Every structure is written in C-alpha cells, then in structure tokens.
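Participant: Positions 10 to 257 (the UniProt record's numbering) are the ones given, in order, by the sequence shown.
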Amino acid sequence: IPVRIFNNLKEGSVFIAHEIAGIIRQKQAEGKNCVLGLATGSSPKTVYAELVRLHREEGLSFKNVITFNLDEYYPITNDALQSYNRYMKEQLFNHVDINPANCHIPNGEWPKENIKKHCAEYDAMIEAAGGIDAQILGIGNNGHIGFNEPGSSRFSRTRLITLENSTRIANSFEFANISQVPRLAVTMGIDTIMKAKKIYLMAWGPMKAPVIQKAVEDEVTEQIPASLLQQHNDAVFVVDEMAAADLT
Ligand code: F6R
10 IPVRIFNNLK
20 EGSVFIAHEI
30 AGIIRQKQAE
40 GKNCVLGLAT
50 GSSPKTVYAE
60 LVRLHREEGL
70 SFKNVITFNL
80 DEYYPITNDA
90 LQSYNRYMKE
100 QLFNHVDINP
110 ANCHIPNGEW
120 PKENIKKHCA
130 EYDAMIEAAG
140 GIDAQILGIG
150 NNGHIGFNEP
160 GSSRFSRTRL
170 ITLENSTRIA
180 NSFEFANISQ
190 VPRLAVTMGI
200 DTIMKAKKIY
210 LMAWGPMKAP
220 VIQKAVEDEV
230 TEQIPASLLQ
240 QHNDAVFVVD
250 EMAAADLT
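#1: Residue 111: which of 101, 130, 76 sits nearest, CA to CA?
#2: Please state whether DSSP places residue 259 in a helix, a strand or coil.
#3: Under the three-state reduction of DSSP, which class applies to residue 200: helix, strand or coil?
#4: Since I believe residue 44 is in contact with residue 141 (beta carbons under 8 Å), could you give me their beta-carbon distance rounded to a whole number of angstroms?
#5: Can you list, in chain order, the stretches of the alpha helix (DSSP H) that have 4 or more residues and sit fully within the segment 18-58?
#6: Just grab the DSSP bridge partners of residue 65 for me.
#7: Which residues bound the alpha helix (DSSP H) around residue 81?
#8: According to DSSP, which residues form a beta bridge with residue 71?
#9: Distance cutoff 8 Å, beta carbons only. Does residue 218 sit that close to anything in chain D?
#10: Over what stretch of residues does the alpha helix (DSSP H) that includes residue 134 continue unbroken?
#11: Can you name, in chain order, every residue of its own chain whose Cβ lies under 6 Å from the Cβ of residue 197, other than the five neighbours on each side?
#12: Can the beta-carbon of residue 143 be found closer than 8 Å to that of residue 29?
#13: Please classify residue 145: does DSSP put it in a helix, a strand, or coil?
#14: Taking only the alpha-carbon atoms, compute the straight-line gap between residue 64 and residue 97 and give it to the nearest angstrom.
#15: Classify residue 168 as helix, strand or coil using the three-state DSSP reduction.
#16: Are the segment 234-251 and the segment 216-225 touching, with three or more C-beta to C-beta distances below 8 Å?
#17: Let's see if you can read the secondary structure: which residues bound the alpha helix (DSSP H) around residue 179?
#18: In or out: residue 216 buried (at least 16 other Cβ within 10 Å) or exposed?
#19: Under DSSP, the beta strand (DSSP E) around residue 121 begins and ends at which residues?
#20: Classify residue 182: buried if its beta carbon has 16 or more other beta carbons within 10 angstroms, exposed otherwise.
#21: May I ask you to list the residues that DSSP assigns as paired with residue 157?
#22: State the start and end residues of the unbroken beta strand (DSSP E) segment that holds residue 207.
#23: Using 8 Å as the threshold, is the segment 197-208 in touch with the segment 155-165, meaning 3 or more CB pairs across them?
#24: For residue 59, count neighbouring Cβ atoms within 10 angstroms of its own Cβ and tell me buried if that reaches 16, exposed if not.
#25: Quickly, what does DSSP pair residue 76 with across the bridge? List them, please.
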C-alpha cells in the first residue's frame with residue numbers, strides 16, 4: 010500500500026485537503042455531486058481547517074458535496090460536547106457553503122428498537138448517492154478504522170458496536186471521566202469503507218508508529234482492521250515522520 014511521508018501534520022493535512030478539493034472541483038466541472046466520507050477525532054482537524062481556508066480564501070464551494078461520516082457514539086445527544094454531529098458543525102459544516110441536508114452522520118439519538126433499520130438505511134443512502142468518491146480515515150492505536158474494532162468482519166456494514174476499553178480510554182480526555190464515555194457506537198462497516206473509490210488514512214505523531222507499521226507491513230488480518238486497506242486498489246496512508254518511524 011502506498012505511504013506518503015510528510016515532515017509534519019500540517020504538511021500532510023494540507024496534502025489531503027488539496028486532494029479532496031481537487032476531487033470536489035473535478036466533479037463540479039463534470040456537473041456532478043461529490044460524495045465524501047468523513048472522520049472525526051483529532052487527526053482530521055487540520056484537514057478541515059485547510060478546507061475552510063480554501064473555501065474562504067480560494068473560492069472552493071461545497072454546494073455539490075454530499076457527506077457521510079464514519080461513526081458516532083451511542084447513545085449521545087446531537088448537541089453534547091463530545092458528539093460527532095456537533096464536532097462536524099464546529100470543524101467544517103458551519104464554515105462552508107454545504108447544504109445541511111447533504112450532511113449525513115450516524116445519529117446517537119436513534120431509538121434502540123429500530124437501530125438496525127437506521128443502519129441499513131445509512132448504507133442504502135450511501136449507495137443511492139452513488140457511493141463514496143473519497144473517504145478520509147484516522148486510525149486507532151488498536152488498528153480500528155471508523156469504530157470497527159479488531160475482529161470486525163471484512164464484510165461488516167453500518168451497525169451498532171461495542172467499543173474496546175482501550176478506545177474508551179484513548180477518547181476519555183473529551184469526557185469528564187472514563188465512566189462518561191459511551192460503551193457503544195454506530196460505525197460504517199469495513200465493507201462500507203472498502204467500497205469507497207479512494208481512501209486516505211492519516212496518522213500523526215509517535216503514538217501511531219507501531220500500528221502504522223503493523224497495518225502497512227504485516228499480514229492482512231481482521232485483528233488489525235486498517236491492514237485490510239492493503240486489499241483496496243486506491244488507498245494511501247498519509248503520515249508524518251513520527252508515525253512513520255517504525256516502517257522498515
Ligand atoms: C473517528 C474515527 C476513529 C478515529 C481514531 C483515531 O471518526 O473513525 O477511527 O479516527 O480513533 O482518533 P484520533 O484521530 O483522535 O487519534
């Protein structure tokens with residue numbers, strides 16, 4: 010799988026943002042919608058900041074953009090500080106000319122009794138939009154993509170999952186304490202992600218070096234979900250020097 014190594018997070022993030030902007034403009038030129046798969050967490054914040062800058066300073070329009078986010082805690086209210094619905098508004102949607110009706114995120118307020126139906130509808134909406142043109146991903150220290158924890162099936166679709174304790178600890182800084190971190194989440198499945206036409210996985214900093222080494226150089230295994238991207242025909246890992254440190 011190709012790996013692009015940048016000096017730092019800023020340069021890598023600008024690279025990804027410019028790739029995404031290029032795809033948006035290409036689709037605009039063709040008179041088509043551009044379907045983006047989006048991630049949350051700390052890794053993509055600078056990508057979103059650069060996309061906002063491109064909108065404000067270089068006329069990049071999001072009028073033809075349709076988005077689908079990877080995941081959301083469950084349950085969580087949409088206006089909670091830690092909700093990914095709120096995150097996306099604050100980091101991107103509120104600052105660009107995207108149509109709010111085109112922004113899709115799994116909903117932490119879906120009633121539990123029909124959650125399977127909502128998850129199936131989410132996959133169906135992605136297909137109805139024509140599939141994801143470009144998907145951005147972060148990576149968990151345990152190799153998760155979206156919230157597809159180790160052991161997730163290659164053929165999984167959008168569904169309710171149980172978070173690993175290591176993931177809850179990694180994300181606990183966003184919450185008052187660990188007991189406040191939801192135990193469940195809704196995530197796009199591995200198969201949902203693998204259907205994206207183009208995938209950018211980003212990783213910054215020394216903490217991600219061991220899992221990047223495993224995902225890129227070790228065998229393809231559902232135990233390291235990101236390693237499954239080795240089987241995608243247009244996926245690239247975009248990392249900084251520190252996250253690349255363990256690559257041979
Ligand atoms: C978030 C997501 C997760 C994160 C991963 C890394 O939407 O899908 O897979 O990308 O947990 O999180 P950060 O970027 O905070 O290190």
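Cβ coordinates follow ideal geometry from the N, Cα and C atoms, glycine included.
As the structure is a computational prediction, the values presented were derived from the model and not from experiment.
Facilitator: Short version:
#1: In the sequence shown, counting from the first residue as 1, residue 111 sits at position 102. Of the candidates 101, 130, 76, the one whose C-alpha sits nearest the C-alpha of residue 111 is 76.
#2: Only positions 10 to 257 of the chain appear in this structure, which leaves residue 259 out of reach.
#3: Taking the sequence shown and counting its residues from 1, the one referred to as residue 200 is at position 191. DSSP places residue 200 in helix when its eight states are reduced to three.
#4: Locating residue 141 in the sequence shown gives position 132, where the first residue counts as 1. Locating residue 44 in the sequence shown gives position 35, where the first residue counts as 1. About 5 Å separates the two Cβ atoms, so the contact holds.
#5: The DSSP assignment places complete alpha helix (DSSP H) segments of no fewer than 4 residues inside the segment 18-58 at 18-38, in order along the chain.
#6: Taking the first residue of the sequence shown as position 1, residue 65 is located at position 56. Residue 65 pairs with nothing; no bridge assigned.
#7: By 1-based counting over the sequence shown, the position of residue 81 is 72. No alpha helix (DSSP H) holds residue 81; the beta strand (DSSP E) holding it covers 80-83.
#8: The residue labelled residue 71 in the question sits at position 62 within the sequence shown. The bridge partners DSSP lists for residue 71 come to none.
#9: No chain D appears in this structure, which consists of one protein chain only.
#10: As a position in the sequence shown, residue 134 is number 125, starting the count at 1. Unbroken alpha helix (DSSP H) run through residue 134: 124-137.
#11: On the sequence shown, residue 197 is found 188 positions in, with the first residue counted as 1. Taken in chain order, the residues that qualify are 79, 155, 167.
#12: Looking up residue 143 in the sequence shown gives position 134. Looking up residue 29 in the sequence shown gives position 20. At the C-beta level, residue 143 and residue 29 come within 8 Å of one another.
#13: Taking the sequence shown and counting its residues from 1, the one referred to as residue 145 is at position 136. Three-state result, residue 145: strand.
#14: By one-based count along the sequence shown, residue 64 stands at place 55. By one-based count along the sequence shown, residue 97 stands at place 88. Just so you know, the alpha carbons of residue 64 and residue 97 end up roughly 16 Å apart.
#15: What you label residue 168 is simply residue 159 of the sequence shown in a count that begins at 1. In this structure, residue 168 counts as strand in the three-state DSSP scheme.
#16: Verdict: yes, contact present.
#17: By one-based count along the sequence shown, residue 179 stands at place 170. First-last of the alpha helix (DSSP H) with residue 179: 174-179.
#18: If you number the sequence shown from 1, residue 216 lands on position 207. Counting Cβ neighbours within 10 Å, residue 216 comes out exposed, since fewer than 16 surround it.
#19: Locating residue 121 in the sequence shown gives position 112, where the first residue counts as 1. For residue 121, no beta strand (DSSP E) segment is defined, and its DSSP state is neither H nor E.
#20: Taking the first residue of the sequence shown as position 1, residue 182 is located at position 173. Residue 182 is classed as exposed because its beta carbon has fewer than 16 other beta carbons within 10 Å across all chains shown.
#21: On the sequence shown, residue 157 is found 148 positions in, with the first residue counted as 1. Answer is 154, bridged to residue 157.
#22: Residue mapping note: residue 207 aligns to position 198 of the sequence shown, counting from 1. Annotation: the continuous beta strand (DSSP E) that includes residue 207 extends over 207-212.
#23: Inter-segment contact for the segment 197-208 and the segment 155-165 is present: three or more beta-carbon pairs are separated by less than 8 Å.
#24: As a first step, residue 59 is located in the sequence shown; it is residue number 50 there, counting from the start. Residue 59 is classed as buried because its beta carbon has at least 16 other beta carbons within 10 Å across all chains shown.
#25: Here the question's residue 76 lines up with position 67 in the sequence shown. Beta-bridge pairing links residue 76 to 45, 112.
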